[in-house]
Every structure is written in structure tokens, then in C-alpha cells.
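Before any comments, here is the structure.
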Amino acid sequence: MHWWFAARSWRWLIAFVLLALGLLVVPLPKVSEGATHHITLDAKQFEFAPGRVHVNQGDRVIITLTASDVVHGFYLDGYGLETRVEPGVSQKIEFVADKAGKFRYRCAVNCGSLHPFMIGELVVDSNTPFWRAIALVLFAVTGMLVYLWQSGKTSQEVTHGTI
Numbered sequence: 001m002h003w004w005f006a007a008r009s010w011r012w013l014i015a016f017v018l019l020a021l022g023l024l025v026v027p028l029p030k031v032s033e034g035a036t037h038h039i040t041l042d043a044k045q046f047e048f049a050p051g052r053v054h055v056n057q058g059d060r061v062i063i064t065l066t067a068s069d070v071v072h073g074f075y076l077d078g079y080g081l082e083t084r085v086e087p088g089v090s091q092k093i094e095f096v097a098d099k100a101g102k103f104r105y106r107c108a109v110n111c112g113s114l115h116p117f118m119i120g121e122l123v124v125d126s127n128t129p130f131w132r133a134i135a136l137v138l139f140a141v142t143g144m145l146v147y148l149w150q151s152g153k154t155s156q157e158v159t160h161g162t163i
């Protein structure tokens, strides 16, 4: 009869492993609405200042684009946003950063010989992997405790002759 208890313990272990793997597949719900970021982006030959912008997934981004020397353009890869700005005039670009990853923004108007190198980067961070890892660790600890409890229970039953 001892094999039956060992098989039962293995069933618990397999069930917890399958549920833990399920946690990796199921998307986690959003905890809160994103923040709003107001960013002033200055375009000048042949750079954007700042050259890198960090936001979180779900954040609302408002970019005020200015040109300090000649006409410049702005195109954000992955979002399809495009505009142009004249010197001394500012343009507003608003969007929600709903895609995690790194996206390049570039000048969309030929502004001189080094125009192809006028590139910046938007980094949209996602906290999903962190929360998924926390949930997986908590689930694994719970599964281990249940497994040990079940193993201890069966060994006591065998030792005390209750089987």
C-alpha cells in the first residue's frame, strides 16, 4: 500500500508544476493606470535632446517637440507617429505607450549631411516579468510545503501502523 501514497505525492507535485507553468502563460491584470509623462524633445542638427526617454507600459506620453535650428521631423518606430516642426514653433505629440520594448525615433525631414544619424530611443519598460516571477516563487513555495506535509503525513501513517 505504500506505493499508493508515493503515487499520490507525485500527483500533487505534478499538479503544482503544471499550475506553475500555467502562471507563465496567463497574462497578469494591470494594477493601476499609467502615469502621464511630459517630455520636451529638442531637435537640432544632428541630435535629439534627450537622446533616450524611459516610460512604463501603459503610461500616457506627451512630447513637446521643438526645433532650434532648421526644419526637423519626428517619426516613432512601432507607433507610426510622424510630424514636422519649424524652428521657433513647437508641436505636441500624445500617445499611450502600450507596447513594451525599445523604439527608435528619428528625424523624418532631411536636415543635412548627418541626417541619417539623428536617432533617439524610447524605452517602454514592463513590470510583468517581475510580478510573474513573484507569483511563481510564492506558488512554488506553497507547492513544496503541501508536498512536504503530504509526505510527512504518509510516513507517519506507515510508521505508526495506521495503514
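Per my numbering, numbering through the sequence shown is continuous, rising by one, with the last residue being 163. C-beta atoms are modelled at their ideal positions from N, C-alpha and C, and glycine is treated no differently.
Smallest Cα separation from residue i: which of the options?
i, options, result
"D98", "V124, P116, L76, E82", "V124"
"H115", "V17, E121, E47, H37", "E47"
"D77", "G101, V89, V71", "G101"
Does DSSP put residue i in a helix, a strand or coil?
i, result
"R60", "strand"
"P50", "coil"
"Q150", "helix"
"M1", "Its pLDDT being 44, under 50, M1 is placed unreliably in this model, and the value from its coordinates should be taken loosely. Of the three classes helix, strand and coil, the one that applies to M1 here is coil, per DSSP."
"V141", "helix"
"G167", "One cannot answer for residue 167 here, as it falls past the ends of the chain, which runs 1 to 163."
"T71", "Strictly speaking, residue 71 in this sequence is Val, with Thr absent from that position. Residue state, collapsed to three classes: coil."
If I follow the unbroken beta strand (DSSP E) through residue i, where does it start and stop?
i, result
"H37", "36–44"
"L202", "The structure shown does not extend to residue 202, since the chain is modelled only from 1 through 163, so no value can be given for it."
"V89", "Note, V89: premise wrong, no beta strand (DSSP E); not H, not E."
If residue i and residue j are in contact, beta carbons under 8 angstroms, what's the gap, nearest whole angstrom?
i, j, result
"F139", "L19", "7 angstroms"
"I93", "L81", "6 angstroms"
Could you tell me if the beta carbon of residue i falls within a distance shorter than 6 angstroms of some heavy atom in the ligand GDP?
i, result
"R104", "The ligand GDP is absent from the structure shown, which contains no ligand whatsoever."
Does the contact criterion of 3 or more C-beta pairs under 8 angstroms hold for the region 35–46 versus the region 63–78? yes
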